[in-house]
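Asker: Residue numbers (the working numbering): 184 to 634.
Attaching a single structure in structure tokens format; questions to follow.
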Ligand code: FCB
């Protein structure tokens with residue numbers, strides 16, 4: 184047990200995602216992704232922007248690497264763009280796509296920065312969407328083939344793999360709310376997609392253990408939200424239980440226990456939106472538990488009983504009085520502690536990494552050319568303090584990846600929301616540290632003592 188600080192081998196990183204930073208949307212043989220397509224839908228993106236150029240990381244990755252080195256990071260989480268590797272989702276590999284990531288991995292290792300690769304951060308090849316995307320069971324097998332290719336190519340050097348980023352967002356924002364690619368609005372399709380994503384995850388874990396020359400660790404990243412009842416009343420307590428099942432357990436239970444929570448399954452069944460569950464799929468999940476869980480934590484949920492949702496009978500709202508970030512997300516660092524302790528207790532004491540945590544603010548306070556983002560610093564500090572509290576209470580937390588290294592394309596918000604500790608000038612493409620970057624540098628250098 185560490186005295187008071189973070190464990191000695193703690194990973195201090197930053198996280199990014201391919202579509203949000205790379206740009207070069209049509210270069211070197213890359214195929215079209217569902218985000219390339221979705222961004223062209225009128226009205227889909229707040230400022231009408233796309234990730235076509237994004238931060239031009241594809242060409243300027245050396246600048247970003249230098250930045251990470253100067254920050255003193257010992258880990259970097261990034262995602263691979265599936266359509267760069269398989270332009271039409273499967274079939275022939277695009278060698279230049281693979282080469283881009285291989286060069287990046289080697290350069291990171293040279294700087295002693297451990298690469299943590301996310302295999303899927305939302306940019307499905309459009310060719311697979313044309314065949315039903317994540318509602319098509321076959322997509323899970325195409326994903327495992329793609330994953331295997333990367334394991335064989337990079338598995339000797341990359342020790343940390345993440346199958347999927349936030350399958351709940353892929354499924355529900357993408358196929359039910361229609362606010363993310365592919366922009367479908369159909370609850371039944373979303374539920375089916377969520378199950379196919381779970382199968383894809385399990386197949387990739389299986390492929391990793393079979394294929395990787397030096398199998399190390401593979402996990403999944405879930406966006407998790409502790410759910411609190413809106414009032415002390417019984418109906419809100421019940422609503423919070425259902426919300427927790429639908430938001431958290433719907434993904435945690437298949438991953439760790441090979442089953443879905445019965446309460447939601449029954450409600451989905453009654454609403455005629457239950458997924459098609461092949462018993463083989465569940466067996467596959469049970470026999471492929473992850474080596475670690477990636478947790479993305481931003482904000483809690485507060486649930487109240489409501490018939491606005493005719494199937495699940497709850498809705499979530501943000502606390503009225505608490506501080507919010509630019510996203511409208513409630514700032515509640517204690518939620519991270521509650522979440523970590525609960526995962527430890529309910530899911531067999533898993534190894535955990537915080538794979539995303541951070542905040543969007545207006546960044547309006549600029550002095551001498553530098554953004555003075557004290558609000559972002561206090562958000563991150565407060566969350567790290569709660570992470571440390573959880574470590575003291577026995578949670579096996581192994582790393583923290585701040586979201587995000589530099590301001591980037593924030594999905595349907597375009598460039599209007601800034602989460603970076605580095606500011607991006609979208610004309611010159613220059614990168615400038617915000618105050619939070621210097622602060623994080625000190626935290627990393629002191630292994631968390633300078634919080
Ligand atoms: C998460 C996403 C990430 C980023 C942050 C703000 O849901 O994984 O790409 O958009 O939110």
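C-beta: ideal position from N, C-alpha, C; glycine also.
#1: Quick one: give me the first and last residue of the alpha helix (DSSP H) that residue 241 is part of.
#2: Run through the region 311–362 for me and flag every whole beta strand (DSSP E) of 3 or more residues, listed as ranges in chain order.
#3: Does DSSP put residue 531 in a helix, in a strand, or in coil?
#4: Express the C-alpha separation of residue 569 and residue 517 in angstroms, rounding to a whole number.
#5: How would you write the range of the beta strand (DSSP E) that residue 500 sits in, first residue to last?
#6: Quick one: Cα of residue 348 to Cα of residue 473, how far?
#7: Comparing the CB of residue 197 with every heavy atom of the ligand FCB, is any distance shorter than 7 angstroms?
#8: Shorter than 7 angstroms, the distance from the beta carbon of residue 636 to the closest heavy atom of the ligand FCB, or not?
#9: Should residue 348 be listed as close to the ligand FCB, given that the test is whether its C-beta is under 7 angstroms from any heavy atom?
#10: For the candidate residues 364, 301 and 508, whose alpha-carbon lies nearest to that of residue 384?
#11: Go through its chain and collect everything with a Cβ distance to residue 389's Cβ below 6 angstroms, but skip five positions before and after it.
#12: Could you tell me which residues DSSP pairs with residue 298 in its beta bridges?
#13: Provide the residue(s) that pair with residue 614 in DSSP beta bridges, ordered along the chain.
#14: Identify the continuous alpha helix (DSSP H) that holds residue 266 and give its terminal residues.
#15: Hey, could you find the ends of the beta strand (DSSP E) residue 400 is sitting in?
#16: Beta carbon of residue 594: closer than 7 angstroms to some heavy atom of the ligand FCB?
#17: Taking residue 412 and residue 394 to be in contact with their CB atoms under 8 angstroms, please state how far apart those CB atoms are, rounded to whole angstroms.
#18: Might you give, ordered along the chain, the residues of its own chain that have their beta carbon closer than 7 angstroms to the beta carbon of residue 288, omitting 5 neighbours on each side?
#19: Can the beta-carbon of residue 417 be found less than 8 angstroms from the beta-carbon of residue 316?
#20: If I follow the unbroken beta strand (DSSP E) through residue 411, where does it start and stop?
#21: Enumerate in chain order the residues of its own chain whose CB-to-CB distance from residue 612 is below 8 angstroms, with the five nearest sequence positions on each side excluded.
#22: For residue 586, is the beta carbon positioned less than 7 angstroms from some heavy atom of the ligand FCB?
#23: Within 10 Å of its beta-carbon, does residue 493 have 16 or more other beta-carbons around it, so buried, or fewer, so exposed?
#24: Assuming residue 623 and residue 291 form a contact by the criterion Cβ under 8 angstroms, report the distance between their Cβ atoms to the nearest whole angstrom.
#25: For residue 184, which residues of its own chain have a beta-carbon under 6 angstroms away from its beta-carbon, when the five flanking residues on both sides are left out?
#26: Using only alpha-carbon positions, find the residue among 438, 258 and 283 that is nearest to residue 529.
#27: Taking its Cβ as the centre, do 16 or more other Cβ atoms sit within 10 Å of residue 609, making it buried, or is it exposed?
#28: With distances taken Cα to Cα, identify the nearest neighbour of residue 546 among 588, 212, 558 and 247.
#29: Which residues mark the beginning and the end of the beta strand (DSSP E) in which residue 475 is found?
#30: State yes or no: is the C-beta of residue 232 nearer than 7 angstroms to some heavy atom of the ligand FCB?
#31: Going by Cα to Cα distance, which pick from 399, 232, 514 and 330 is closest to residue 276?
#32: Count the other CB atoms, across all protein chains shown, that sit within 10 Å of the CB of residue 435; report buried if there are 16 or more and exposed otherwise.
#33: Spell out a yes or no on whether the region 197–214 and the region 246–260 are touching, meaning 3 or more CB-CB pairs, one atom from each, closer than 8 angstroms.
#34: Who are the near neighbours of residue 657 in its chain, counting only those whose CB is closer than 7 angstroms to its CB and skipping five residues on each side?
#35: What separation, rounded to the nearest whole angstrom, lies between the Cα atoms of residue 378 and residue 586?
Answerer: According to the structure shown:
#1: Working through the chain shown from its first residue, we reach residue 241 at position 58. Start and end: 240–254.
#2: 343–348
#3: For this step, residue 531 is matched to residue 348 along the chain shown. When DSSP states are grouped into helix, strand and coil, residue 531 belongs to the coil group.
#4: By one-based count along the chain shown, residue 517 stands at place 334. By one-based count along the chain shown, residue 569 stands at place 386. Taking the straight line joining both Cα atoms gives about 6 angstroms.
#5: Counted from its first residue, the chain shown places residue 500 at position 317. Run containing residue 500: 497–500, per the beta strand (DSSP E) assignment.
#6: Indexing the chain shown from 1 puts residue 348 at position 165. Indexing the chain shown from 1 puts residue 473 at position 290. Cα to Cα, the separation comes out at about 14 angstroms.
#7: For the purposes of this step, residue 197 is taken as the residue at position 14 of the chain shown. Checking the Cβ of residue 197 against the ligand FCB gives no.
#8: This structure gives no information on residue 636, because the portion of the chain shown stretches from 184 to 634.
#9: Position 165 of the chain shown, counting from 1, holds the residue named residue 348. Result yes, Cβ under 7 angstroms from the ligand FCB.
#10: In the chain shown, the residue the question calls residue 384 occupies position 201. Nearest of 364, 301 and 508 to residue 384, Cα basis: 301.
#11: Position 206 of the chain shown holds residue 389. Hits under 6 angstroms: 471.
#12: Along the chain shown, one-based indexing puts residue 298 at 115. Partner(s): 259.
#13: For the purposes of this step, residue 614 is taken as residue 431 along the chain shown, with counting starting at 1. Residue 614 is bridged to 607.
#14: Translated into positions along the chain shown, residue 266 becomes position 83. Start and end: 265–268.
#15: Counting from one through the chain shown, the residue named residue 400 turns up at place 217. Counting along the chain, the beta strand (DSSP E) containing residue 400 begins and ends at 400–406.
#16: Numbered from 1 along the chain shown, position 411 holds the residue referred to as residue 594. Checking every heavy atom of the ligand FCB against the Cβ of residue 594, one is found closer than 7 angstroms.
#17: Locating residue 412 in the chain shown gives position 229, where the first residue counts as 1. Locating residue 394 in the chain shown gives position 211, where the first residue counts as 1. 45 angstroms between Cβ atoms; not a contact.
#18: In the chain shown, counting from the first residue as 1, residue 288 sits at position 105. For residue 288, where only same-chain residues beyond five positions count, the Cβ hits under 7 angstroms are 298, 337, 340 and 341.
#19: The sequence position of residue 417 within the chain shown is 234, counting from 1. The sequence position of residue 316 within the chain shown is 133, counting from 1. Going by C-beta atoms, residue 417 is not nearer than 8 angstroms to residue 316.
#20: To locate residue 411, count along the chain shown from 1; it is residue 228. Start and end: 410–412.
#21: Looking up residue 612 in the chain shown gives position 429. So the qualifying residues of the chain are 238, 239 and 243.
#22: As a first step, residue 586 is located in the chain shown; it is residue number 403 there, counting from the start. Yes, since a heavy atom of the ligand FCB falls inside the 7 angstroms radius drawn around the Cβ of residue 586.
#23: Counting from 1 along the chain shown, the entry for residue 493 is found at position 310. Per the 10 Å Cβ criterion, exposed.
#24: Reading the chain shown from its first residue, position 440 is the one you call residue 623. Reading the chain shown from its first residue, position 108 is the one you call residue 291. So it is not a contact: roughly 18 angstroms between Cβ atoms.
#25: On the chain shown, residue 184 is found 1 positions in, with the first residue counted as 1. With a pLDDT of only 42 at residue 184, under the threshold of 50, the placement of this residue in the model should not be trusted; the figure read from the coordinates follows. Nothing meets the Cβ criterion.
#26: Here residue 529 is taken as the residue at index 346 of the chain shown, counted from 1. Nearest option by C-alpha distance: 438.
#27: Taking the chain shown and counting its residues from 1, one reaches residue 609 at position 426. Classification of residue 609: exposed, given that the 10 Å Cβ count is below 16.
#28: As a working mapping, residue 546 is identified with position 363 in the chain shown. The option with the nearest alpha carbon to residue 546 is 558.
#29: Taking the first residue of the chain shown as 1, we reach residue 475 at position 292. 475–479 is the span of the beta strand (DSSP E), which, as asked, contains residue 475.
#30: Taking the first residue of the chain shown as 1, we reach residue 232 at position 49. Outside the cutoff, so no.
#31: Along the chain shown, read from residue 1 onward, the residue named residue 276 stands at position 93. Comparing Cα positions, the closest option is 330.
#32: For the purposes of this step, residue 435 is taken as residue 252 along the chain shown, with counting starting at 1. Buried, by the Cβ-count rule.
#33: yes
#34: Here the chain has residues from 184 to 634 only, and residue 657 is not among them.
#35: Against the chain shown, residue 378 aligns to sequence position 195. Against the chain shown, residue 586 aligns to sequence position 403. Rounded to the nearest angstrom, the two C-alpha atoms are 27 angstroms apart.
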